[in-house]
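Chains as they are written, first to last, in my numbering: chain H, 118 to 517; chain Z, 118 to 517.
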């Protein structure tokens, strides 16, 4: 009944790579607690991550096999989804000792050489266990020191294998097709929530497995920000709707948006769309092995600034601090396509290229601030850059 | 454009209650970082929580107003969804200082009396920020001490207001209706995933806003565990399908399951279903103010043991360690309906009553182990116990 999402040799390669990195970083082990790292190294996956009652732990040792410490209620999930055989369980919830003694013993078995273990502590990480238990564990394993292993883990997870890229291509195609179908189903007078519900159902029907992030904002002449819940506001003439999507297939995410215009598009909006669309092409072209993600940021920013100058408007990027980021088992992973992020681009890098720009339109005597964002997901392969999503239409789809 | 989910006086009451609790616990402030606490105290909500790049913080002071420390890209979300006016922002991501200096300053402004602040550290909590940043913050605010405030927060969040219970009733009714419609749409030969997709779309169409947890397991004569992803296995004759659902309306969850039989139901399964169905009634009746959740556990366990004895099978609860739990802004909240959890039942307590039992059936000469779980969500109100879900059918629905 075991249904692994990758062949065992792929998991073995991942373990060998993290063990080599541990050796170089003088770590005896890494303790992982979070959903994406569990799925990556152990195969373990279940919708039960949304239940925070029961934590779970995997100890990746510098030498030898992975140890899983999971609640006894997770035994069948482990047997069916994970390639790991050293599984230790306790009956959870047990607030006085929710796995901590078992984790401490597993750590003691492997910490004889460097006296240092790694954990998910650095920027963008989330330690998926109660931090009170982490403080207790840190005391109990002392003098073994617990240090940040997140950058080390990221270096490995940032480089996707061909099999991972296939899964990301699959979810990118599913969401692209669902976006392309929307002009045939959306109508003025629908609420944003109704529009979004149609879209979500279509995503599921096309094979998306989870929809962790679907936002929709729709206002006159554009959207002031993304990241709002779909509201009960009705879609009106001259509205522009943005939908942004993170959906998954076997744990792997797409993350990209599209816009739809109702009734008409203001001339300025059309031109801003062109600028951001072209900057997306520039960003895709600039994504090449040997460069860094900051080079991609530069290329996008220079292109947009030039175009904005030509149009005679100021170039002001949105205050999101970047023009894209990594995508994978998380919707937003490092690196950030930002001026100070020098992460190298390699074969296996997967990014969302996300140029964005602010513009202003006078509405009823009031100067309103809008943003416009484009996104495409790409993978750097030995055969060149592969578009995982289908390119957005060069002109914003107009719904009469 | 502000669209608060509750009237301001409700938020003011929540702040007053946490301030009174802080006073008693000698805390100068509580720092909150997690989605449910943000929504509860500040109103702030957005699908962007699934992006882990940018953390956010709220400082609840013992006296005075809440301070929000959020990324500048969250400014419009804050303006539209939160009643808090003291908002401090930084441009994120900024790995060298992702809000920590701002948080430290906000803490310094309020820590003059007790020199102690609370944070989400205890069992079942998740600190929704990088723990490396938490370690840094703990050093920087020293000698101010950071202690666990999770039990204090839980005592408040465990008692739902009438307005909160209305939202939970709404999502309970939505999911009940979707379950009741399933016998009309499910068919043998569908895959479990196809069945689940139909169900998810129906939930969305009926008004569910997010579907954080939908599991489906379907095997001969029963299910060996819940918590598996819906697979591509085809539904066959003599299969029993379990679906378990956490869906939300304005952040509030339902959490309950239903079973469906295909072709026929074994006599033993029918009897186990009866036992668990009756135990659910017993659990609902036992949920009364003045009792504790351990009393509810006892009542359920005694009922099931008696019935099992009568049937001549051993009574063995599933290894989930409990017979239900709190539900609210999280799918699984404390308390646990467990023998050693003495949390009192009060007006405003919302629980899922979740009796469960193991049984065995010989399949092709092999003794297979199955579980059977029932769930209903209930609220304890001044007018008695209110069923938030519609009671499961007393006989397992049979799909020819």
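Cβ atoms here follow ideal geometry from the backbone N, Cα and C, with glycine treated the same way.
All values derive from a computational prediction rather than experimental measurement.
Problem set entry | CA-to-CA distance, residue 488(Z) to residue 440(Z), given in whole angstroms | 13 Å
Problem set entry | Of the listed residues 331(H), 375(H), 282(H), nearest to residue 339(H) (C-alpha basis) | 375(H)
For this session: Evaluate residue 121(H) with the Cβ neighbour count: other Cβ atoms within 10 Å of its Cβ, from every protein chain shown; 16 or more gives buried, anything less gives exposed.
Result: exposed
For this session: Show which residues of chain A have a CB atom less than 7 Å away from the CB atom of residue 448(H).
Result: The structure shown has no chain A; the protein chains it does contain are H and Z.
For this session: Give a yes or no on whether the C-beta atoms belonging to residue 379(H) and residue 360(H) are separated by under 9 Å.
Result: no
Exercise. Counting contacts by CB-CB distance shorter than 9 Å, is residue 209(H) in contact with chain Z?
Worked result: yes
For this session: Could you spell out where the alpha helix (DSSP H) holding residue 157(Z) opens and where it closes?
Result: 152-159
Exercise. What is the rounded straight-line gap between the Cα of residue 399(Z) and the Cα of residue 312(Z)?
Worked result: 32 Å
Exercise. Going by Cα to Cα distance, which pick from 465(Z), 350(Z), 432(Z), 395(Z) is closest to residue 407(Z)?
Worked result: 465(Z)
Problem set entry | Distance between residue 352(H) and residue 334(H) (C-alpha atoms, nearest Å) | 10 Å
Exercise. Beta strand (DSSP E) containing residue 340(Z): first to last residue?
Worked result: That residue, residue 340(Z), is in no beta strand (DSSP E); it is neither H nor E in DSSP.
Problem set entry | Residues in the stretch 475-487 of chain H having any Cβ partner in chain Z nearer than 8 Å | none
Exercise. Which of the three DSSP states, helix, strand or coil, is assigned to residue 166(Z)?
Worked result: helix
Problem set entry | contact_flag[the stretch 141-152 of chain H, the stretch 239-247 of chain H] where n(CB pairs < 8 Å) is 3 or more | yes
Exercise. Name the residues in the stretch 246-279 of chain Z whose C-beta lies less than 7 Å from a C-beta of chain H; which are they?
Worked result: 247, 248, 249, 251, 265
Exercise. Does the Cβ-Cβ distance between residue 97(Z) and residue 474(Z) come in under 9 Å?
Worked result: An answer regarding residue 97(Z) cannot be provided, because it is not within the stretch 118 to 517 covered by chain Z.
For this session: Just the C-alpha distance for residue 257(Z) and residue 188(Z), rounded to the nearest angstrom, thanks.
Result: 21 Å
Exercise. Residue 331(H) touches chain Z at which residues, Cβ-Cβ below 8 Å?
Worked result: 164
For this session: Taking only the alpha-carbon atoms, compute the straight-line gap between residue 294(H) and residue 325(H) and give it to the nearest angstrom.
Result: 11 Å
Exercise. Does residue 318(H) get closer than 9 Å to chain Z when you measure Cβ to Cβ?
Worked result: yes
Exercise. Tell me, which residues are paired with residue 233(Z) by DSSP?
Worked result: 262(Z)
Problem set entry | Short Cβ contact (9 Å threshold) for residue 373(Z) with residue 500(Z) | no
Exercise. Of all the options 516(H), 317(H), 153(H), 123(H), which has the alpha carbon lying nearest to the alpha carbon of residue 447(H)?
Worked result: 153(H)
Exercise. Looking at the structure shown, is residue 512(H) part of a helix, part of a strand, or coil, going by DSSP?
Worked result: coil
Exercise. So, residue 223(Z) versus residue 142(Z), is the Cβ gap smaller than 9 Å?
Worked result: no
Exercise. So, do the stretch 154-169 of chain H and the stretch 194-201 of chain H have three or more beta carbon pairs nearer to each other than 8 Å?
Worked result: yes
Exercise. Using the beta-carbon count (16 or more within 10 Å), is residue 163(Z) buried or exposed?
Worked result: buried
Exercise. Among 422(Z), 482(Z), 471(Z), which residue has its Cα nearest to the Cα of residue 509(Z)?
Worked result: 471(Z)
Exercise. Among 456(Z), 138(Z), 417(Z), which residue has its Cα nearest to the Cα of residue 274(Z)?
Worked result: 138(Z)
Problem set entry | the stretch 336-347 of chain Z: positions lying closer than 9 Å to chain H by Cβ | 341, 342, 343, 344, 345, 346, 347
Exercise. How should residue 453(H) be labelled, buried or exposed, when 16 other C-beta atoms within 10 angstroms of its C-beta is the threshold for buried?
Worked result: buried
Exercise. Looking at the structure shown, is residue 247(H) part of a helix, part of a strand, or coil, going by DSSP?
Worked result: coil
Exercise. Apart from the five residues on each side of it in sequence, which residues of its chain come closer than 6 Å, Cβ to Cβ, to residue 166(H)?
Worked result: 152
For this session: Can you grab the Cα-Cα spacing for the pair residue 212(Z) / residue 240(H), in whole Å?
Result: 6 Å
For this session: With 9 Å as the threshold, decide whether the Cβ of residue 314(H) is near any Cβ in chain Z.
Result: yes
Exercise. Got a sec: does the ligand PLP put a non-hydrogen atom nearer than 8 Å to the Cβ of residue 426(Z)?
Worked result: The ligand PLP is absent from the structure shown, which contains no ligand whatsoever.
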